[in-house]
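A.B. asks: Numbering (the UniProt record's numbering), first residue to last: 1 to 511.
The beta carbon of each residue, even a glycine, is placed where N, CA and C say it ideally should be.
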């Protein structure tokens with residue numbers, strides 16, 4: 001019995017058109033909406049397609065919530081609310097940096113505290129503010145047109161946040177003489193939620209009024225690029241303004257803040273509807289920024305000019321775009337600190353715990369959203385590489401589907417002849433949570449030869465390889481019902497033992 005290695009004959013591999021690409025809702029025409037917009041040359045077609053689909057959802061949300069905006073009104077985006085209690089506060093980037101410094105100082109007064117020296121903080125701030133070399137323009141872009149010169153590095157001047165005990169109303173009340181240290185710490189931590197929100201709103205104001213509203217920047221971008229770049233940040237800013245207003249109303253009612261958990265809890269539904277799509281969009285946002293910095297000379301010049309404005313305080317566009325993600329995670333940390341300082345018998349405990357759980361749910365859903373979009377991007381990319389040929393096509397990009405495992409295997413073929421001969425055909429498996437696709441691969445393209453519903457019609461059986469004289473890394477794959485409607489069985493051989501173990505585990509799972 002002779003064993004030979006052979007490849008399947010070369011087949012015509014054509015990428016499916018956008019009309020055949022499937023959709024998030026199991027339709028075959030959603031991606032056809034993308035045909036009128038070509039992706040940037042270095043931004044993958046899959047990433048661009050998914051970002052357009054996702055952005056269309058944001059468009060619908062914006063139109064449902066805001067209606068048709070008057071162009072003149074869009075340019076008037078200034079934050080109207082002015083804090084009654086906090087008159088001097090830093091940009092949120094500096095606030096975050098200050099929190100890192102204070103945390104390290106508390107950890108260790110020796111080596112760790114030396115790390116946070118002025119020189120170190122200045123270097124850290126520079127890294128936060130300036131793009132890394134890979135994010136800057138290519139040499140040919142740099143030589144094409146000079147960008148505005150950046151001012152020389154300046155020492156960091158982190159404006160200290162206002163303390164609760166320094167408020168005029170607190171000093172006049174005499175409360176500091178009657179409160180314990182723990183109670184003062186509780187008030188300071190609670191007031192940090194207010195002060196940090198004011199800082200956050202200030203930075204959002206720069207992001208919206210300085211970058212988003214810039215006519216010069218808009219002229220360097222398509223409408224879709226501008227939308228992907230800024231997402232729903234205007235609505236995020238409006239939500240922050242309402243949140244800060246409610247917090248300060250509570251402070252105005254009684255300078256001794258009784259609770260804030262109920263306020264946070266009341267705003268969580270809106271936070272969820274805004275932060276989850278914003279954070280989910282960040283992967284496309286970052287890819288687009290990097291792409292534009294490298295290939296769009298006008299964008300690069302405009303961004304450098306905007307970033308050099310004193311209102312930015314040497315902070316980069318990227319540092320403003322990441323603010324919502326930083327803020328939603330910081331709110332939870334502040335609430336947890338408040339909870340630790342609150343006496344267990346206080347009435348505010350219940351709302352505080354509910355608020356922490358609600359914020360945690362938002363953060364979790366943000367993470368799920370990012371993972372889901374990555375999975376969809378993977379499906380879109382793969383669908384562009386699949387050719388069903390004479391096999392009935394099946395939509396790949398459907399709601400809830402994701403790739404579980406993939407890789408090459410060999411199918412053992414026994415050729416009937418006077419002297420039976422065993423040979424191998426190289427095939428490729430794509431296992432999804434609800435579908436198995438078997439194909440042949442050539443030049444990064446896949447020609448589909450079979451597929452079946454998983455796990456309903458896909459079954460794995462172990463073989464007594466020694467008794468049967470088979471390679472040790474063999475197993476039997478049965479398709480009780482495939483796309484042809486007939487049962488199919490094949491002996492598959494992996495390249496290594498670890499590959500076999502991975503496939504056995506994946507194919508044995510019940511998704």
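Looking only at its own chain, which residues have a Cβ that is under 8 Å from the Cβ of residue 506, when we skip the five neighbours before and after it?
C.D. replies: Residue numbering aside, residue 506 sits at position 506 when the chain shown is read from its first letter. Excluding positions up to five away in sequence, the list reads 404, 405, 431.
A.B. asks: Are the CB atoms of residue 196 and residue 330 nearer to each other than 8 Å?
C.D. replies: The count along the chain shown starts at 1 and reaches residue 196 at position 196. The count along the chain shown starts at 1 and reaches residue 330 at position 330. Yes; because the gap between Cβ atoms is below 8 Å, this pair is in contact.
A.B. asks: So, under 8 Å CB-CB, residue 449 and residue 391 are touching, yes? Tell me the CB distance rounded to an integer number of Å.
C.D. replies: Here the question's residue 449 lines up with position 449 in the chain shown. Here the question's residue 391 lines up with position 391 in the chain shown. Between residue 391 and residue 449 the Cβ distance is about 7 Å, and since that is below 8 Å, they are a contact.
A.B. asks: In the DSSP assignment, find the alpha helix (DSSP H) that holds residue 217 and state where it starts and stops.
C.D. replies: Here residue 217 refers to the residue found at position 217 when the chain shown is read from its first residue. First-last of the alpha helix (DSSP H) with residue 217: 215-218.
A.B. asks: Between which residues of its own chain and residue 488 is the CB-CB distance below 7 Å, once the five residues before and five after are set aside?
C.D. replies: Taking the first residue of the chain shown as position 1, residue 488 is located at position 488. Once the five neighbours on either side are set aside, the close Cβ partners of residue 488 are 450, 479, 482.
A.B. asks: Three or more C-beta pairs closer than 8 Å, one from the segment 245-265 and one from the segment 222-231: is that the case here?
C.D. replies: Touching, no, given that fewer than three Cβ pairs across the two stretches are closer than 8 Å.
A.B. asks: Pairing CB atoms from the segment 165-176 with CB atoms from the segment 240-249, are three or more of them under 8 Å?
C.D. replies: no
A.B. asks: Can you tell me where the alpha helix (DSSP H) holding residue 490 begins and where it ends?
C.D. replies: Here the question's residue 490 lines up with position 490 in the chain shown. Element bounds for residue 490: not the alpha helix (DSSP H) but the beta strand (DSSP E), 488-493.
A.B. asks: Which same chain residues, not among the five before or five after residue 465, have their C-beta less than 7 Å away from its C-beta?
C.D. replies: Taking the chain shown and counting its residues from 1, one reaches residue 465 at position 465. Around residue 465: 471, 472, 474.
A.B. asks: Could you tell me if residue 296 is buried or exposed, where buried requires 16 or more neighbouring beta carbons within 10 angstroms of its beta carbon?
C.D. replies: Residue numbering aside, residue 296 sits at position 296 when the chain shown is read from its first letter. Residue 296 is buried by the Cβ-count criterion.
A.B. asks: Is residue 468 near residue 411, with beta carbons less than 8 Å apart?
C.D. replies: Within the chain shown, numbered from 1, the residue matching residue 468 stands at position 468. Within the chain shown, numbered from 1, the residue matching residue 411 stands at position 411. It is not a contact, given that the beta carbons lie outside the stated cut-off.
A.B. asks: Can you tell me whether DSSP reads residue 497 as helix, strand or coil?
C.D. replies: What you label residue 497 is simply residue 497 of the chain shown in a count that begins at 1. Looking at residue 497 - three-state DSSP - the assignment turns out to be helix.
A.B. asks: Indicate the three-state DSSP secondary structure (helix, strand or coil) for residue 481 in the structure shown.
C.D. replies: Locating residue 481 in the chain shown gives position 481, counting from the first residue. Coil.
A.B. asks: With a cut-off of 8 Å, do at least 3 Cβ pairs link the segment 179-193 to the segment 294-311?
C.D. replies: no
A.B. asks: Which word fits residue 495, buried or exposed, when buried means at least 16 other C-beta atoms lie within 10 angstroms of its C-beta?
C.D. replies: Here residue 495 refers to the residue found at position 495 when the chain shown is read from its first residue. So residue 495 counts as exposed.
A.B. asks: Alpha carbon to alpha carbon, how far is residue 213 from residue 283? Give it in angstroms, no decimals.
C.D. replies: Taking the chain shown and counting its residues from 1, one reaches residue 283 at position 283. Taking the chain shown and counting its residues from 1, one reaches residue 213 at position 213. Taking the straight line from one Cα to the other gives about 22 Å.
A.B. asks: Alpha carbons only, please: which of 371, 504, 380, 499 is nearest the one belonging to residue 476?
C.D. replies: Locating residue 476 in the chain shown gives position 476, counting from the first residue. When each option's Cα is compared against that of residue 476, the closest is 504.
A.B. asks: Taking the alpha carbon of residue 204 as the point to measure from, which residue in 219, 230, 237 has its own alpha carbon closest?
C.D. replies: The sequence position of residue 204 within the chain shown is 204, counting from 1. When only C-alpha atoms are compared, the closest one is 237.
A.B. asks: Which residues in the same chain as residue 508 place their Cβ atom closer than 7 Å to its Cβ, once the five residues preceding and following it in sequence are excluded?
C.D. replies: The residue labelled residue 508 in the question sits at position 508 within the chain shown. Cβ within range, chain order: 460.
A.B. asks: Does the Cβ of residue 74 have 16 or more other Cβ atoms within 10 Å, making it buried, or fewer, making it exposed?
C.D. replies: Within the chain shown, the letter at position 74 stands for residue 74. A caution first: residue 74 carries a pLDDT of 46, below 50, which makes its placement in the model unreliable, though a value can still be read off. Residue 74 comes out exposed.
A.B. asks: On the DSSP bridge list, what partners appear for residue 236?
C.D. replies: Position 236 of the chain shown, counted from the first residue, corresponds to residue 236. For residue 236, which the question treats as bridged, DSSP gives no partner whatsoever.
A.B. asks: Check residue 457 in the structure and name its three-state DSSP category.
C.D. replies: Position 457 of the chain shown, counting from 1, holds the residue named residue 457. In the structure shown, residue 457 sits in coil (DSSP, three-state: anything other than H, G, I, E or B).
A.B. asks: For residue 311 and residue 235, I'd like the C-alpha separation in whole angstroms.
C.D. replies: Here residue 311 is taken as the residue at index 311 of the chain shown, counted from 1. Here residue 235 is taken as the residue at index 235 of the chain shown, counted from 1. Straight-line Cα distance between these residues: approximately 21 Å.
A.B. asks: With distances taken Cα to Cα, identify the nearest neighbour of residue 447 among 385, 343, 374.
C.D. replies: As a working mapping, residue 447 is identified with position 447 in the chain shown. Among 385, 343, 374, the Cα nearest to that of residue 447 is on 385.
A.B. asks: So the candidates are 388, 387, 243, 193; which of them puts its Cα closest to the Cα of residue 336?
C.D. replies: On the chain shown, position 336 is the one that residue 336 refers to. Nearest of 388, 387, 243, 193 to residue 336, Cα basis: 193.
A.B. asks: Identify the continuous beta strand (DSSP E) that holds residue 85 and give its terminal residues.
C.D. replies: By one-based count along the chain shown, residue 85 stands at place 85. From DSSP, residue 85 is part of no beta strand (DSSP E); its letter is neither H nor E.
A.B. asks: Start and end of the alpha helix (DSSP H) containing residue 230?
C.D. replies: Counting from 1 along the chain shown, the entry for residue 230 is found at position 230. Element bounds for residue 230: 223-230.
A.B. asks: Label residue 369 either buried or exposed according to how many other C-beta atoms from any shown protein chain fall within 10 Å of its C-beta, with 16 as the threshold for buried.
C.D. replies: Reading the chain shown from its first residue, position 369 is the one you call residue 369. Burial call: buried.
A.B. asks: Counting Cβ pairs closer than 8 Å, one from the segment 89-99 and one from the segment 315-333, do we hit at least three?
C.D. replies: yes
A.B. asks: Would you report the Cα separation of residue 316 and residue 294, rounded to the nearest angstrom?
C.D. replies: In the chain shown, residue 316 corresponds to position 316, counting from 1. In the chain shown, residue 294 corresponds to position 294, counting from 1. For residue 316 and residue 294, the distance between alpha carbons rounds to 16 Å.
A.B. asks: In the DSSP output, which residue or residues are listed as bridge partners for residue 415?
C.D. replies: For the purposes of this step, residue 415 is identified with residue 415 of the chain shown, where counting begins at 1. Under DSSP, residue 415 shares a beta bridge with 421.
A.B. asks: Whose C-alpha, out of 371, 423, 363, is nearest the C-alpha of residue 414?
C.D. replies: What you label residue 414 is simply residue 414 of the chain shown in a count that begins at 1. Of the listed residues, the one whose Cα sits closest to residue 414 is 423.
A.B. asks: Which value, in whole angstroms, describes the spacing of the CA atoms of residue 87 and residue 241?
C.D. replies: The count along the chain shown starts at 1 and reaches residue 87 at position 87. The count along the chain shown starts at 1 and reaches residue 241 at position 241. Near 15 Å, if we compare the C-alpha coordinates of residue 241 and residue 87.
A.B. asks: Going by CA-CA distance only, name the one from 395, 97, 268 that's closest to residue 199.
C.D. replies: Start at 1 with the first residue of the chain shown, and residue 199 comes out as number 199. Of 395, 97, 268, the residue nearest in Cα terms is 97.
A.B. asks: From the DSSP output, in three-state form, read off residue 91 for me.
C.D. replies: In the chain shown, counting from the first residue as 1, residue 91 sits at position 91. Of the three classes helix, strand and coil, the one that applies to residue 91 here is coil, per DSSP.
A.B. asks: Do you know offhand how far residue 428's Cα is from residue 445's?
C.D. replies: Counting from 1 along the chain shown, the entry for residue 428 is found at position 428. Counting from 1 along the chain shown, the entry for residue 445 is found at position 445. Distance between the alpha carbons of residue 428 and residue 445: 11 Å.
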